[in-house]
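Sequence order for the protein chains is A and B.
Sequential numbering from 1 applies to the first sequence in UniProt numbering.
Sequential numbering from 1 applies to the second sequence in UniProt numbering.
We put the CB at the ideal spot given by N, CA and C, even for glycine.
Note that this is a predicted model, so its numbers are computed, not measured.
Let me begin by presenting the structure, written as structure tokens, before commenting on it.
Number of protein chains: 2
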Amino acid sequence: MVTTQSDPMLRGDPYAADCPTRRILDRIGDRWTVLIVGVLGEGDARFSELRRRVCGVSQKMLTQTLRGLERDGLVRRTVHPEVPVRVEYALTEAGRTLLGPLRALQEWSIEHLSDVSAAQKAYDGAE
Amino acid sequence: MVTTQSDPMLRGDPYAADCPTRRILDRIGDRWTVLIVGVLGEGDARFSELRRRVCGVSQKMLTQTLRGLERDGLVRRTVHPEVPVRVEYALTEAGRTLLGPLRALQEWSIEHLSDVSAAQKAYDGAE
DNA sequence: CCGGATCCGGCTTGATACTG
DNA sequence: CAGTATCAAGCCGGATCCGG
Chain A
1 MVTTQSDPML
11 RGDPYAADCP
21 TRRILDRIGD
31 RWTVLIVGVL
41 GEGDARFSEL
51 RRRVCGVSQK
61 MLTQTLRGLE
71 RDGLVRRTVH
81 PEVPVRVEYA
91 LTEAGRTLLG
101 PLRALQEWSI
111 EHLSDVSAAQ
121 KAYDGAE
Chain B
1 MVTTQSDPML
11 RGDPYAADCP
21 TRRILDRIGD
31 RWTVLIVGVL
41 GEGDARFSEL
51 RRRVCGVSQK
61 MLTQTLRGLE
71 RDGLVRRTVH
81 PEVPVRVEYA
91 LTEAGRTLLG
101 PLRALQEWSI
111 EHLSDVSAAQ
121 KAYDGAE
């Protein structure tokens, strides 16, 4: 199955099922991770704050995604045992390193959105 | 629902549901798009070639993802009406511009995989 | 045969309600 | 406020079938 010859792990071929890129992609490719990390990149936030800012996320997916990020060591969760419980989420050192690549993607999106929209319109029109 | 005040569209807040970044993220966040674009970045490929290289993708998702990319103007589909039909997929100009940001993400993955794995192990152990 | 569409079962997601 | 529990709906993957 896996061609271990010449070590594809460290090359530009993230296509074997066990390639590192694949593993990360499965994380960030869930459509909420990127957004949540993006929000946290602008500053720590508590649960409901995230819920409000990441428009459209369900509390279940928010919880689930945050747990995943915590597990990956990208987000730190801090519980303040006050009267109304306060839980703060923050990017870890490692989590902050993700911001760079994410920004690149974001800038690409902004830059190419009109082209993509036009292409979609053309495609749908022609069909 | 949508706060139209002060135009968040062009800022660094991809968190409104109608923000451009969101739209693109929904595309690339499907877990196959990135891999397929990555493969095509190394050269044109036909359907079964992609199927082989993007290990684990089902024929259905491959078709679906390629259609989406074609619709977005990122991939060009060429049918050669030969005896066994040959269909070639290639990145468009716009599609190639995605390679940069994708590489950044890929490099991040490779660089941080061990940290993430360690964090996961620690998290699971502590629980 | 290659590329692709369709049908179906299982897992993931989302909406809603409930708890500490 | 910050989640967990529950259940319905939609998406994914696999098998199967079709057109050139």
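Residue i - containing beta strand (DSSP E), residue span
i	result
T92(B)	Note, T92(B): premise wrong, no beta strand (DSSP E); not H, not E.
Whole-Å CB distance - residue i paired with residue j, under 8 Å assumed
i	j	result
G95(B)	L74(B)	4 Å
E93(A)	Y123(B)	That pair is no contact at about 16 Å.
L113(A)	R23(B)	7 Å
I110(B)	T21(A)	7 Å
T78(A)	E88(A)	5 Å
L102(A)	V39(A)	About 11 Å; that fails the 8 Å criterion.
A90(A)	R67(A)	Wrong, their Cβ atoms sit about 15 Å apart, outside the cutoff.
Q120(A)	D26(B)	Rounded, the Cβ-Cβ distance is 12 Å, inconsistent with contact.
In DSSP terms, what residue i is bridged to
i	result
V87(B)	V79(B)
residue 212(B)	The first residue shown for chain B is 1 and the last is 127, placing residue 212(B) beyond what the model contains.
Residue i, enclosing alpha helix (DSSP H) - first and last residue
i	result
L66(B)	Q59 to R71
W108(A)	L99 to A126
D26(B)	P20 to I28
G38(B)	T33 to L40
L74(B)	Here L74(B) belongs to no alpha helix (DSSP H), and DSSP marks it neither H nor E.
**Request:** Would you check if the region 52-59 of chain B and the region 30-42 of chain B touch, i.e. whether three or more CB-CB distances between them fall below 8 Å?
**Result:** yes
Closer than 8 Å between beta carbons: that is the criterion. Which residues of the region 62-85 of chain B meet it against chain A?
E70, R71, D72, G73 and L74
Using Cβ-Cβ distances below 8 Å, what residues of the region 44-56 of chain A are close to chain B? R53, V54, C55 and G56
Within 9 Å of chain A by C-beta, residues of the region 88-104 of chain B in sequence order = T92, A94, T97, L98, G100, P101, L102, R103 and A104
What are the residues in the region 25-44 of chain B lying within 9 Å of chain A by C-beta distance? L25, D26, R27, I28, G29, D30, R31, W32, T33, V34, L35, G38, V39, G41 and E42
| According to a CB-to-CB cut-off of less than 9 Å, which residues of the region 105-123 of chain B neighbour chain A? | L105, Q106, E107, W108, S109, I110, E111, H112, L113, S114, D115, V116, S117, A118, A119, Q120, A122 and Y123
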